[in-house]
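> Using our numbering, read the sequence shown as starting at 2 and increasing by one per residue.
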Amino acid sequence: MAKKKKGSGKGAPPEKGVGELRAILEGAEKVDFEAGLPQNLPPYESLPEIDRQLAKVDRSDWGNSVRLVARYGHDLIFVTKAGWCGWTGQRWSLLRGPTMAHRYSQKITRDIRGEVLAAMAEGPRDDETPKDFLDRIKKYYKFAIDSGNTNRIAAIMRESITALEKDMDVFDTHPFLLNVQNGTLNLKAEYNGEDDFDGIVLEDHNRDHHITKLARVSYDRNAEAPTFRKFIHEILPDDEIRLFLQRYFGYCLTGDTGKQVIVMLWGEGSNGKSTLMDVLTWMLGDYATVTPFATLLHSDRQKGSDASPDLARLPGARLVSAAEPETGARFSESMLKQLTGSEIMTVRHLHKDFFEFKPQFKLCLSFNNKPYIRGQDRGIWRRILLVPFTQSFEDAEELKNAPNAKLKIENLDKKLKEEAPGILNWLLDGYRMWAEDGFKIPAKVRAATAEYKHESNPIQQFIDSWCEKRPDSIVGSSRLYDAYKLWCKESALDPMSQNSFGRRMTGMNFERVTNPYSHYRGIQLNNEAESRVIQEESRSFRRKEGGDS
């Protein structure tokens with residue numbers, strides 16, 4: 002039998018255009034082919050190439066997975082241990098991924114009908130009778146209908162995983178790309194020939210960047226932020242501190258963590274630090290995460306096998322903040338080091354498997370009461386920068402008289418959000434300053450940090466209050482420890498063990514001698530401390546003898 006000319010069609014239904022034919026095939030009502038095929042089918046070559054190609058693919062669940070990948074694979078990724086991730090047009094989304102994968106799989110049933118049209122237009126095969134050709138088209142169309150069944154849709158998604166699977170570590174790997182509403186800011190762009198080129202270029206959103214984060218702000222290089230600038234000058238009148246924070250928060254636009262710093266905003270309430278952090282966290286959107294302060298505190302109950310949902314939220318974030326711990330809280334130095342290092346972290350969500358990620362975030366904490374830091378090693382204190390917020394706006398009369406007082410600005414939070422594009426430009430200026438010559442840490446920040454370190458060293462406070470340092474002085478090890486325990490009792494502090502106390506004294510360069518008895522050289526109790534220890538010993542002796550309580 003001679004091969005039928007492609008696109009010649011044969012049968013009883015009246016002549017119809019390709020658009021109408023496709024509409025009929027894709028319609029809700031099933032097509033009745035009993036009267037034959039439509040006449041005057043469109044030329045085969047005029048139909049979409051993808052329909053013509055996929056018409057040759059198996060009619061099976063696996064074949065449908067090939068169809069999904071071919072038609073929509075550029076918008077879908079199956080992330081190992083996480084699930085479906087979908088391209089929204091601005092970023093990749095794990096939240097919307099499952100719905101998108103399901104919706105695209107549902108569309109396959111209608112897409113196959115375009116393949117049916119291509120098969121009809123191509124005509125019968127050389128060895129195919131008109132009846133066999135009609136039967137094949139009927140079966141093809143029935144397969145298209147059946148592909149919309151729930152079990153077939155689930156099978157499409159399941160069979161597509163192998164072709165679309167990628168690990169989590171492909172995402173958010175470009176530390177100097179910042180995804181905003183109207184594009185992606187390249188913070189290290191190559192020179193583009195423009196006279197006003199400043200190293201920052203707004204590019205189109207790009208699937209291939211594999212970015213999952215999106216800021217709430219749009220980029221407008223001409224945007225201003227007069228309310229924000231008035232506010233930031235009011236809460237931070239010191240030029241050096243204000244510029245330092247501008248550089249730091251500009252640095253937070255990047256995924257670079259080489260500086261390994263923890264900025265801590267400290268001061269009494271009503272000083273603007275919360276408002277500042279709120280607006281920055283809001284405008285950075287997915288790039289900013291607020292974590293419970295308890296995540297950063299010492300705990301004897303945490304086990305390595307425990308879920309870490311607070312930490313599992315941090316991949317890809319660039320600014321992680323926490324605020325206001327309870328009074329008397331103690332930092333976990335190991336956690337602070339881990340969060341500000343460059344090592345791979347292993348975490349997991351509740352009821353999920355462990356996964357690894359490399360931190361890109363900077364840690365910014367704010368509090369009124371400073372948490373206690375037991376460690377005194379350089380490994381922890383080289384990271385900490387305490388920024389004092391010295392202004393206060395609690396007094397109503399002060400607010401009336403202060404010309405730029407932040408609380409005089411009505412609807413401040415709303416106005417700051419409206420100025421987000423201008424605030425972004427302020428941050429970008431800070432980024433440029435940081436990229437050019439670093440943070441330039443102010444002397445007041447160094448002094449505040451040094452004082453914090455002193456306050457966090459109870460042994461140093463004990464020595465300053467109860468001891469004297471002289472080259473020819475000595476004091477018994479047990480007596481010095483007894484005095485330290487008494488000082489802790491009067492200071493409402495928990496004393497460390499005698500072994501830990503001894504190691505800390507040695508670490509502070511006090512020589513410990515064990516012959517003829519254990520004692521320290523170069524230090525002794527002062528007269529007042531000696532008197533207190535004697536009184537405590539006397540009270541203790543009387544209690545043991547059943548005397549004075």
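Just so it is clear, CB atoms sit at the ideal spot from N, CA and C, and this is done for glycine as well.
According to DSSP, Arg-522 sits in a beta bridge with which residue or residues?
Counting from one through the sequence shown, the residue named residue 522 turns up at place 521. Arg-522 pairs with Ile-475, Glu-512.
> Looking at Lys-82: is its Cβ nearer than 7 Å to the Cβ of Asp-354?
As a first step, residue 82 must be located in the sequence shown, where it is residue number 81. As a first step, residue 354 must be located in the sequence shown, where it is residue number 353. A contact, by the Cβ cut-off of 7 Å.
> Based on Cα-Cα distance, which residue from Arg-480, Gln-525, Ser-501, Ile-460 lies nearest to Ser-492?
Locating residue 492 in the sequence shown gives position 491, counting from the first residue. If we check each option's Cα against that of Ser-492, Ile-460 comes out closest.
> Taking the runs of the beta strand (DSSP E) that are 3 residues or longer, which of them lie wholly in the stretch 207 to 254?
Counting only runs of 3 or more, we get nothing.
> Please name the residue, chosen from Glu-116, Asp-59, His-210, that lies closest to Asp-52 on a Cα-to-Cα basis.
Residue mapping note: residue 52 aligns to position 51 of the sequence shown, counting from 1. Residue Glu-116 is the option with its Cα nearest to Asp-52.
> In whole angstroms, what separates the C-alpha of Phe-144 from that of Ile-78?
Looking up residue 144 in the sequence shown gives position 143. Looking up residue 78 in the sequence shown gives position 77. Spanning the two alpha carbons is a distance of roughly 26 Å.
> Might you give, ordered along the chain, the residues of its own chain that have their beta carbon closer than 8 Å to the beta carbon of Asp-205, omitting 5 neighbours on each side?
Numbered from 1 along the sequence shown, position 204 holds the residue referred to as residue 205. Around Asp-205: Gly-184, Thr-185.
> To the nearest angstrom, how far is it from the Cα of Asn-152 to the Cα of Val-80?
The residue labelled residue 152 in the question sits at position 151 within the sequence shown. The residue labelled residue 80 in the question sits at position 79 within the sequence shown. Looking at the two C-alpha atoms, the distance is approximately 22 Å.
> If we count the other Cβ atoms within 10 Å of its Cβ and call it buried at 16 or more, is Glu-420 buried or exposed?
In the sequence shown, counting from the first residue as 1, residue 420 sits at position 419. Buried, by the Cβ-count rule.
> Using beta-carbon positions only, say whether Phe-358 and Met-346 come within less than 7 Å of one another.
Counted from its first residue, the sequence shown places residue 358 at position 357. Counted from its first residue, the sequence shown places residue 346 at position 345. Cβ atoms of Phe-358 and Met-346: closer than 7 Å.
> If contacts are defined as beta-carbon pairs under 8 Å, then Cys-253 and Leu-320 qualify, I think. What distance do you get, rounded to the angstrom?
As a working mapping, residue 253 is identified with position 252 in the sequence shown. As a working mapping, residue 320 is identified with position 319 in the sequence shown. About 4 Å separates the two Cβ atoms, so the contact holds.
> Should Asn-180 and Val-202 be called a contact, given that it needs their Cβ atoms to be closer than 7 Å?
As a position in the sequence shown, residue 180 is number 179, starting the count at 1. As a position in the sequence shown, residue 202 is number 201, starting the count at 1. Result no, Cβ atoms of Asn-180 and Val-202 do not sit closer than 7 Å.
> Suppose you measure from the CA of Leu-281 to the CA of Glu-225; what does that come to, to the nearest Å?
Position 280 of the sequence shown, counted from the start, is the residue given in the question as residue 281. Position 224 of the sequence shown, counted from the start, is the residue given in the question as residue 225. Their Cα atoms are separated by approximately 16 Å.
> Could you give the uninterrupted runs of the alpha helix (DSSP H) lying entirely in the stretch 311 to 360, keeping only those of 4 residues or more?
Qualifying alpha helix (DSSP H) stretches, in chain order: 334 to 340.
> Let me know if Gly-317 comes out buried or exposed under the rule of 16 or more other beta-carbons within 10 Å of its beta-carbon.
The count along the sequence shown starts at 1 and reaches residue 317 at position 316. Buried, because 16 or more other Cβ atoms sit within 10 Å of the Cβ of Gly-317.
> Work out the CA separation of Ser-393 and Asn-272 for me, nearest whole Å.
On the sequence shown, residue 272 is found 271 positions in, with the first residue counted as 1. On the sequence shown, residue 393 is found 392 positions in, with the first residue counted as 1. About 5 Å.
> If I follow the unbroken alpha helix (DSSP H) through Lys-143, where does it start and stop?
One-based indexing of the sequence shown puts residue 143 at position 142. That run of the alpha helix (DSSP H) goes 131 to 147.
> Mind checking which residues open and close the beta strand (DSSP E) that includes Asn-272?
Numbered from its first residue, the sequence shown carries residue 272 at position 271. Careful: Asn-272 lies outside any beta strand (DSSP E) and carries neither H nor E.
> In angstroms, rounded to a whole number, what distance separates the CA positions of Ser-94 and Trp-88?
The count along the sequence shown starts at 1 and reaches residue 94 at position 93. The count along the sequence shown starts at 1 and reaches residue 88 at position 87. Spanning the two alpha carbons is a distance of roughly 6 Å.
> Taking DSSP's pairing of strands, which residues face Ala-289 in a bridge?
Position 288 of the sequence shown, counted from the start, is the residue given in the question as residue 289. According to DSSP, which records beta bridges pairwise, Ala-289 is partnered with Leu-320.
> Tell me which residues share the same chain as Gln-182 and place their Cβ nearer than 6 Å to its Cβ, disregarding the 5 neighbours each side in the sequence.
Taking the sequence shown and counting its residues from 1, one reaches residue 182 at position 181. Correct list, in chain order: Ser-219.
> Compare the beta carbon distance of Ala-330 and Pro-372 with 7 Å and say whether it is the shorter of the two.
Against the sequence shown, residue 330 aligns to sequence position 329. Against the sequence shown, residue 372 aligns to sequence position 371. Yes; because the gap between Cβ atoms is below 7 Å, this pair is in contact.
> I'd like to check one pair, Thr-341 with Ile-263: are the Cβ atoms closer than 7 Å?
Here residue 263 corresponds to residue number 262 of the sequence shown, with the count starting at 1. Here residue 341 corresponds to residue number 340 of the sequence shown, with the count starting at 1. Yes, these two residues count as a Cβ contact at 7 Å.
> For Lys-401, I'd like the list of residues in its chain whose CB is within less than 6 Å of its CB, leaving aside the five on either flank, ordered along the chain.
Here residue 401 refers to the residue found at position 400 of the sequence shown. Because Lys-401 carries a pLDDT of 48, less than 50, the predicted location of this residue cannot be relied on, and the following value inherits that uncertainty. None.
> Expressed to the nearest angstrom, what Euclidean distance is found between the alpha-carbon atoms of Ser-322 and Asp-311?
Indexing the sequence shown from 1 puts residue 322 at position 321. Indexing the sequence shown from 1 puts residue 311 at position 310. Cα-Cα distance, rounded: 12 Å.
> What do you get for Val-446, buried or exposed, if any count of 16 or more other CB atoms within 10 angstroms of its CB means buried?
Start at 1 with the first residue of the sequence shown, and residue 446 comes out as number 445. Classification of Val-446: buried, given that the 10 Å Cβ count is 16 or more.
> Give the C-beta separation of Glu-512 and Gly-523 to the nearest angstrom, bearing in mind that I take them to be a contact with Cβ-Cβ under 8 Å.
In the sequence shown, counting from the first residue as 1, residue 512 sits at position 511. In the sequence shown, counting from the first residue as 1, residue 523 sits at position 522. Indeed they touch by this definition, with Cβ atoms about 6 Å apart.
> Just to confirm the assignment: which complete beta strand (DSSP E) runs, minimum length 3, are found wholly within the stretch 379 to 455?
Counting only runs of 3 or more, we get 385 to 389.
> Hey, Ser-148 and Thr-100: beta-carbon distance below 7 Å or not?
Position 147 of the sequence shown, counting from 1, holds the residue named residue 148. Position 99 of the sequence shown, counting from 1, holds the residue named residue 100. Contact: no.
> Specify the secondary structure class of Tyr-296 as computed by DSSP and reduced to three states.
Along the sequence shown, read from residue 1 onward, the residue named residue 296 stands at position 295. According to the sequence shown, residue 296 is Thr rather than Tyr. Helix.
> At which residues does the beta strand (DSSP E) containing Ile-201 begin and terminate?
Stepping through the sequence shown from its first residue, residue 201 is reached at position 200. Run containing Ile-201: none; DSSP gives neither H nor E here.
> Taking the beta carbon of Ser-343 as the centre, do at least 16 other beta carbons fall within 10 Å, making it buried, or is it exposed?
Residue mapping note: residue 343 aligns to position 342 of the sequence shown, counting from 1. Flag for Ser-343 reads exposed.
> Relative to the C-alpha of Glu-325, which candidate in Leu-266, Ser-309, His-299, His-352 has its C-alpha closest?
Position 324 of the sequence shown, counted from the first residue, corresponds to residue 325. Nearest option by C-alpha distance: Leu-266.
> By DSSP, does Phe-79 sit in helix, in strand, or in coil?
Position 78 of the sequence shown, counted from the start, is the residue given in the question as residue 79. Reduced to three states, the DSSP call for Phe-79 is strand.
> Near Tyr-73, which residues of its chain fall below 8 Å by C-beta distance, leaving aside the five closest residues on each side in sequence?
One-based indexing of the sequence shown puts residue 73 at position 72. Hits under 8 Å: Tyr-105, Lys-108.
> What first and last residue would you give for the alpha helix (DSSP H) that runs through Gly-64?
By one-based count along the sequence shown, residue 64 stands at place 63. Its alpha helix (DSSP H) spans residues 62 to 73.
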